[in-house]
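Okay, structure first, notes after.
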Amino acid sequence: MRILLIASAFNSLTQRVHTELRERGHHVGVELALGDEPVRAGVARFRPDLILAPMLTRAIPEDIWSRHTVLIVHPGPKGDRGPSSLDWAIHEGASEWGVTVLQAVAEMDAGPIWASVPYPVPPCGKSELYRNEVADAALEAVLLAVDRFESGWPAPEPLDYGRWDVQGRLRPYHKQEFRRIDWAADDTATVLRKLRSADSQPGVLDELYGREFFLHGGHAEDELRGVPGSVIATRDGAICRATVDGAVWIPQLRPRRAPDGPATYKLPAVQALGDLVADVPHSPISPVAAAWRKDTWSQIRYREEGRVGYLEFTFPGGAMSTGQCRRLLAAYREAVERPTSVLVLGPARDFFSNGIHLNVIEAAADPAEESWQNINAMDDLVEAILTTEDKLTVASLAGNAAAGGLMLAIAADEVWCRESAVLNPHYRLMGLHGSEYWTYTLPRRVGPEWAARLTTAALPVGARQARLLGLVDRTKSGSAAEFRSWTVRRAEALAAAPGLAARLLEKKRRRAEDEAVKPLAAYREEELAEMRRNFRGPGEPYHALRRAFVHKVCPAATPEHLRG
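Under the numbering used here, think of the first position of the sequence shown as 650, with each following residue one higher.
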């Protein structure tokens, strides 16, 4: 079928639906909902059999849904209506929620139901929930609805609040009045629900040191204590604020925009506050100690099980600043010195990495210089992985990876990927050539021709296609928890395999052979020469594209390569 995706952004869910439908043989196009006229033009140009809206923040024009079947993905159970479904689910502590695919009609979220899939709600932030449980359920519901449409299913279910399984209701927009934290009264559990329901957008509006900020993200702290509402510690760029019965870590802040002032954006909390927290105690924790603490904030954790080491890292939004890269490199070097045979890299769930930290770069006094420092820090980390000879390295991708973050993953000896992950092996949309030794590692995995296609097409790649191409080595279906359990079992088997010593010798031999043909330093020098031009050259688009990304400036039109 010809299926047109209409979306407010080509976000992670839209990309996942796009890759899955393409893998199933459908001809798929994308039209960004940037206005009614561009959408009408996109529909006329594509001539779809079916229109799907995986993520939409505006209504589809009546002349489109009256002429075409338009299916809307709503992140709520049957009967749930309104623009803040996930916010309310987390705010009210729901243990189970759902995704519903319904047909567009005049009344928002009130059309006939084509599919509905429930999912559990773990204790995490809205964006993490969206990229994991919500996305899994949404894809299942979308595929069911598409199959039903293609088979001529005659009777989508009318919305009927008299049915036993219609438990949702119309809810208002989740305004700041519902999110406001009363630090003198709210316990830690309440504060966490409010923070997590707003962690990506819009944040929780609050006051710190006489200034207004939006708070983004929330993690419990089990030891530190202080006066409720006060900032009692910093760590890895985050601040720790006391509650009436404990404390919470807040990783990011966004200053409230002044009237007629420039748009603001999220930054590590300590960077956003600057000298205001100069006298706040720093509370460091080692990756090993962090692994044994259930409730505390740490971006990097390290643990061992038998002959396998697990270096876990979790960076908000998957972005890695210069400092974060350097901290991860230090942790990696310590892990390499441990008496293990296999080292697994990656978080238990959510993003693996998306490469350099564009927000931190945007905030720098000299963005070009900070870009240069950031890419070199990424390169140092990748080089350390590529030159590790005495153990096998495994990149475990429980979630999405893009640009330099994906090139970081393919530096490992093996790449294992959850089937729900979406990979973006390109830099082109940010106007960058890219580094992280990709000119060495990517052709080695997929061949020169495919390396060129992947880095220029600027399209997402599904995990199954990535396995067929050789971009990843193994894939596994199921939830993030199931993928992690599978990773542990496979890593243990790899460490116990009788041929491990021979494989390490072969790894060392091949690295020496490759080095003799062309040293790693040469790849790095060539890549960085291009990146230097991207960062410093006249007329280069990188800085304008970065600013547009950070400030969330809408594109002028749907990129041609997405139209299908």
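Quick reminder that beta carbons are idealized off the backbone N, C-alpha and C, glycines included. These numbers come from a predicted model, not from an experiment.
Do you know offhand how far residue i's Cα is from residue j's?
| i | j | result |
| --- | --- | --- |
| Phe798 | His675 | 13 angstroms |
| Thr971 | Ser715 | 51 angstroms |
| Phe659 | Leu681 | 7 angstroms |
| Val1166 | Phe1000 | 35 angstroms |
| Ala753 | Arg905 | 35 angstroms |
| Asn1183 | Gly1111 | 29 angstroms |
| Thr837 | Ile739 | 14 angstroms |
| His718 | Thr1088 | The question names His, yet the displayed sequence has Thr at residue 718. Rounded to whole angstroms, Thr718 to Thr1088 spans 45 angstroms at the Cα level. |
| Pro908 | Pro821 | 26 angstroms |
| Arg845 | Leu720 | 29 angstroms |
| Asp1122 | Leu1149 | 17 angstroms |
| Gly866 | Arg884 | 14 angstroms |
| Asp1015 | Gly1083 | 20 angstroms |
| Thr892 | His1200 | 32 angstroms |
| Pro772 | Glu1155 | 44 angstroms |
| Gly859 | Glu826 | 19 angstroms |
| Leu1221 | Lys727 | Outside the modelled stretch of the chain, which goes from 650 to 1213, sits residue 1221, for which no answer is possible. |
| Arg1173 | Glu1098 | 21 angstroms |
| Leu1120 | Arg1093 | 9 angstroms |
| Ile1010 | Met1056 | 20 angstroms |
| Ala786 | Gly774 | 17 angstroms |
| Gly1054 | Asn1025 | 13 angstroms |
| Thr1101 | Val1095 | Here residue 1101 is Ala; the residue named in the question, Thr, does not match the sequence. Cα-Cα distance, rounded: 10 angstroms. |
| Arg942 | Gly684 | 48 angstroms |
| Thr1104 | Pro1208 | 16 angstroms |
| Val1031 | Ala1060 | 6 angstroms |
| Pro933 | Trp746 | 37 angstroms |
| Glu1164 | Leu992 | 23 angstroms |
| Val795 | Glu861 | 46 angstroms |
| Leu1177 | Tyr1086 | 10 angstroms |
| Tyr1076 | Pro877 | 44 angstroms |
| Ala804 | Thr668 | 28 angstroms |
| Arg903 | Asp871 | 26 angstroms |
May I ask you to list the residues that DSSP assigns as paired with residue i?
| i | result |
| --- | --- |
| Pro904 | Phe862 |
| Leu747 | Sequence inspection shows Gly at residue 747; the Leu mentioned does not correspond to that position. Pro767. |
| Thr971 | Thr971 is not bridged to any residue. |
| His676 | Arg651 |
| His931 | Thr883 |
| Phe962 | Ile949 |
| Asn1003 | None; Asn1003 has no bridge partner. |
| Gly1111 | Val1071 |
| Thr1124 | Cys1066 |
| Glu856 | Glu861 |
| Arg976 | None; Arg976 has no bridge partner. |
| His868 | Trp898 |
| Pro917 | Gln901 |
| Glu954 | Val957 |
| Leu819 | Arg730 |
| Ile888 | Thr883, Ile899 |
| Ala656 | Leu681 |
Using the beta-carbon count (16 or more within 10 Å), is residue i buried or exposed?
| i | result |
| --- | --- |
| Gly1213 | buried |
| Cys974 | buried |
| Pro965 | buried |
| Asp736 | buried |
| Asp848 | buried |
| His1210 | exposed |
| Thr1036 | exposed |
| Cys889 | buried |
| Gln901 | buried |
| Lys824 | exposed |
| Pro703 | buried |
| Ser744 | exposed |
From which residue to which residue does the beta strand (DSSP E) around residue i run?
| i | result |
| --- | --- |
| Lys1156 | Counting along the chain, Lys1156 falls outside any beta strand (DSSP E), though it belongs to the alpha helix (DSSP H) covering 1149-1166. |
| Thr1042 | 1041-1046 |
| Val993 | 991-994 |
For the alpha helix (DSSP H) that residue i lies in, which residues bound it at each end?
| i | result |
| --- | --- |
| Ile1034 | 1016-1035 |
| Glu1176 | 1169-1185 |
| Leu793 | 784-799 |
| Leu1091 | 1087-1095 |
| His844 | Per the sequence shown, the amino acid found at residue 844 is Leu instead of His. From DSSP, the alpha helix (DSSP H) with Leu844 extends over 837-845. |
| Pro936 | 936-940 |
| Trp599 | Beyond the ends of the chain as shown, which are 650 and 1213, falls residue 599; an answer cannot be given. |
| Ala1193 | 1191-1199 |
| Gly1213 | First-last for Gly1213: undefined, no H or E at that position. |
| Met1056 | 1052-1058 |
| Ser849 | No alpha helix (DSSP H) holds Ser849; DSSP gives it neither H nor E. |
Worksheet item: Which runs of the alpha helix (DSSP H) fall wholly inside the region 685-757 and span at least 4 residues, in chain order?
Response: 685-695, 711-714, 734-740
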